[in-house]
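Number of protein chains: 2
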Amino acid sequence: MLLVVSGPSGVGKGTVIAALRGLRPALIESVSCTTRPPRPNEVNGVDYHFVSRGEFERMLAQGELLESEPVYGEHLYGTLRAPVAEALAAGRDIVLEIDYRGAAQVRERMPEDAVLVFVAPPSWEELERRLQGRRTEGPAEVHKRLGRARREIENMVHYDYVVVNDDVDEAAREIEVILAAERLRCRRADAEALRRRLLGAATEG
Amino acid sequence: MLLVVSGPSGVGKGTVIAALRGLRPALIESVSCTTRPPRPNEVNGVDYHFVSRGEFERMLAQGELLESEPVYGEHLYGTLRAPVAEALAAGRDIVLEIDYRGAAQVRERMPEDAVLVFVAPPSWEELERRLQGRRTEGPAEVHKRLGRARREIENMVHYDYVVVNDDVDEAAREIEVILAAERLRCRRADAEALRRRLLGAATEG
Chain C
10 MLLVVSGPSG
20 VGKGTVIAAL
30 RGLRPALIES
40 VSCTTRPPRP
50 NEVNGVDYHF
60 VSRGEFERML
70 AQGELLESEP
80 VYGEHLYGTL
90 RAPVAEALAA
100 GRDIVLEIDY
110 RGAAQVRERM
120 PEDAVLVFVA
130 PPSWEELERR
140 LQGRRTEGPA
150 EVHKRLGRAR
160 REIENMVHYD
170 YVVVNDDVDE
180 AAREIEVILA
190 AERLRCRRAD
200 AEALRRRLLG
210 AATEG
Chain L
10 MLLVVSGPSG
20 VGKGTVIAAL
30 RGLRPALIES
40 VSCTTRPPRP
50 NEVNGVDYHF
60 VSRGEFERML
70 AQGELLESEP
80 VYGEHLYGTL
90 RAPVAEALAA
100 GRDIVLEIDY
110 RGAAQVRERM
120 PEDAVLVFVA
130 PPSWEELERR
140 LQGRRTEGPA
150 EVHKRLGRAR
160 REIENMVHYD
170 YVVVNDDVDE
180 AAREIEVILA
190 AERLRCRRAD
200 AEALRRRLLG
210 AATEG
């Protein structure tokens with residue numbers, strides 16, 4: 010299963026996914042590609058695949074990206090198609106933390122596998138508090154992120170599920186329940202295989 | 010939430026629902042209407058609402074039935090709309106054990122509330138064994154039920170979820186997980202209310 014997690018900057022997506030991986034250690038976390046330079050402490054291939062703009066544009070042109078987002082305009086972000094396809098072929102679940110535009114692309118390109126979860130803040134005030142509390146960004150950056158948060162929330166209605174991140178562990182447990190239920194979801198191919206298996210042995214006798 | 014449970018006769022729907030009510034005592038079990046006469050031990054209003062064919066046809070004509078099925082041709086079965094609407098208005102979950110034709114009617118009439126779960130047998134041989142093991146029906150009745158079971162299974166693909174009843178408690182737990190996840194599902198009205206609540210306070214600043 011291909012789990013897509015979106016939500017406004019500051020809502021705590023990363024923390025929720027970390028808690029979810031505590032509950033499901035077999036879950037693979039997708040590593041995005043980006044053209045932005047690595048920050049200190051960031052490791053290539055772990056935090057991101059750091060690529061040049063030329064390399065990114067080549068991957069995009071050759072259809073190697075499952076989704077891509079010109080997030081802040083200046084830098085490009087995307088997800089390589091191959092590692093996702095390999096994880097799914099191996100029967101593993103994989104989680105992508107991407108924005109609403111990337112989520113829409115994944116939904117369109119992998120409608121049978123993608124489960125879209127939106128992580129919402131308990132309130133707007135709380136989101137502002139969390140963004141300001143980070144102290145890693147100046148007021149201009151916070152203001153820009155709040156503008157993007159509005160657009161993320163405006164697109165919430167297109168997701169399959171909404172999880173409010175009031176408590177990190179509870180939000181992670183809710184996503185775990187979603188994954189368990191989605192495994193029981195009646196996908197056409199699986200249901201037809203089961204039907205054939207059941208009725209192959211059924212003669213009109 | 011309006012939980013619809015279908016599956017072939019003999020698959021153990023009733024036992025699974027009883028186990029599910031053990032896990033969720035607040036779940037209401039819908040009582041169907043039928044024109045067939047009560048069997049010994051059956052209590053009117055508990056096992057079924059026993060009504061005359063004239064009364065059934067009046068309810069049907071006046072739109073009082075959420076769904077109805079001429080199951081064995083001879084006798085009519087249906088679900089009153091009012092108790093279902095009352096349960097949902099009170100915020101309670103209600104479960105309907107009905108066949109694939111009734112399920113299709115519920116889906117069409119209450120698309121926002123209905124969650125359709127199909128209970129499948131682990132194998133056709135096991136279903137035959139369970140039906141024959143009942144010993145309450147003669148071979149002709151068993152044969153008729155197996156024919157209906159084929160039609161139920163052929164329609165499985167139209168359900169939201171498929172639960173294989175290999176172990177009753179596990180099947181009940183799986184339906185409980187489905188209910189928990191469906192509560193997080195992004196229904197347009199709820200998502201729009203949350204969006205308004207979050208963004209009502211968000212000024213473009």
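Those protein sequence lines, which keep their order, are chains C and L.
For the first sequence, position 38 matches number 47 in our numbering, and the numbering has no gaps at all.
For the second sequence, position 197 matches number 206 in our numbering, and the numbering has no gaps at all.
Ideal placement from N, C-alpha and C gives every residue a C-beta, glycine not left out.
List, in order along the chain, the chain C residues whose C-beta lies closer than 8 Å to that of residue i?
| i | result |
| --- | --- |
| residue 187/L | 190 and 193 |
| residue 79/L | In chain order: nothing, as chain C lies at least about 22 Å away. |
| residue 169/L | 194 and 195 |
Could you have a look at residue i and say whether DSSP puts it in helix, strand or coil?
| i | result |
| --- | --- |
| residue 87/C | strand |
| residue 207/L | helix |
| residue 196/L | coil |
| residue 109/C | helix |
| residue 158/L | helix |
| residue 15/C | strand |
| residue 214/L | For residue 214/L, the pLDDT reaches just 41, beneath the cut-off of 50, and the residue's location in the model is therefore unreliable, although a value from the coordinates is still provided. Residue state, collapsed to three classes: coil. |
| residue 25/C | helix |
| residue 104/C | strand |
| residue 39/C | coil |
| residue 92/L | helix |
| residue 99/C | coil |
| residue 30/L | helix |
Below 9 Å on C-beta distance, what does residue i contact in chain C?
| i | result |
| --- | --- |
| residue 130/L | 207 |
| residue 127/L | 195 and 200 |
Let me check you understand the geometry: is the CB of residue i closer than 7 Å to at least one non-hydrogen atom of the ligand SAH?
| i | result |
| --- | --- |
| residue 50/L | Ligands displayed in this structure: none; no statement on the ligand SAH is therefore possible. |
With 8 Å as the threshold, decide whether the Cβ of residue i is near any Cβ in chain L.
| i | result |
| --- | --- |
| residue 122/C | no |
| residue 119/C | no |
| residue 60/C | no |
| residue 110/C | no |
| residue 159/C | yes |
| residue 165/C | yes |
| residue 138/C | no |
Check the Cβ-Cβ distances between residue i and every residue of chain C, and say whether any is below 8 Å.
| i | result |
| --- | --- |
| residue 178/L | no |
| residue 48/L | no |
| residue 116/L | no |
| residue 214/L | Because residue 214/L sits at a pLDDT of 41, beneath the cut-off of 50, its placement in the model cannot be relied upon, and the following sentence gives the value as read from the coordinates. Closer than 8 Å: yes. |
For residue i, which residues in chain L fall below 9 Å Cβ to Cβ?
| i | result |
| --- | --- |
| residue 181/C | Simply none; closest approach about 13 Å. |
| residue 172/C | 193 |
Going along chain C, which residues have a C-beta under 7 Å from residue i?
| i | result |
| --- | --- |
| residue 162/L | 204, 207 and 208 |
Please list, in chain order, the chain L residues whose beta carbon lies closer than 7 Å to that of residue i.
| i | result |
| --- | --- |
| residue 14/C | Neighbours of residue 14/C on chain L: none; closest Cβ ~13 Å, over 7 Å. |
Please list the partners that residue i has in chain L, where partner means a Cβ-to-Cβ separation under 8 Å.
| i | result |
| --- | --- |
| residue 201/C | 166 |
Q. Pairing CB atoms from the segment 104–111 of chain L with CB atoms from the segment 69–87 of chain L, are three or more of them under 8 Å?
A. Segments in contact, yes.
Q) Fully enclosed by the segment 42–81 of chain L, which beta strand (DSSP E) runs are 3 residues long or longer? A) List check, beta strand (DSSP E) in window: 74–78.
Q. Counting Cβ pairs, one atom from each stretch, are 3 or more of them under 8 Å apart for the segment 40–56 of chain L and the segment 191–208 of chain L?
A. Of all C-beta pairs linking the segment 40–56 of chain L to the segment 191–208 of chain L, fewer than three are shorter than 8 Å, placing the two stretches out of contact.
Q | Continuous alpha helix (DSSP H) assignments of at least 4 residues falling wholly in the segment 111–190 of chain C | A | Taking only runs of at least 4 residues, the alpha helix (DSSP H) segments lying wholly in the segment 111–190 of chain C are 133–143 and 148–163.
Q) Does the segment 153–169 of chain L touch the segment 47–63 of chain L, meaning 3 or more C-beta pairs lie closer than 8 Å? A) As far as the Cβ criterion goes, the segment 47–63 of chain L does not touch the segment 153–169 of chain L, which means the pair count is below three.
Q) Hey, is the segment 115–123 of chain L in contact with the segment 50–59 of chain L, meaning 3+ C-beta pairs nearer than 8 Å? A) The count of Cβ pairs closer than 8 Å, one atom from the segment 115–123 of chain L and one from the segment 50–59 of chain L, stays below three, leaving the stretches out of contact.
Q) Counting pairs of Cβ atoms below 8 Å between the segment 14–32 of chain L and the segment 171–181 of chain L, do you hit three or more? A) Short answer: they touch.
Q: Would you check if there are 3 or more beta carbon pairs closer than 8 Å linking the segment 12–23 of chain C to the segment 149–162 of chain C?
A: Contact between the segment 12–23 of chain C and the segment 149–162 of chain C is present, because at least three Cβ pairs lie under 8 Å.
Q) Pairing CB atoms from the segment 85–99 of chain L with CB atoms from the segment 140–147 of chain L, are three or more of them under 8 Å? A) Here the segment 85–99 of chain L does not lie against the segment 140–147 of chain L, with fewer than 3 beta-carbon pairs under 8 Å apart.
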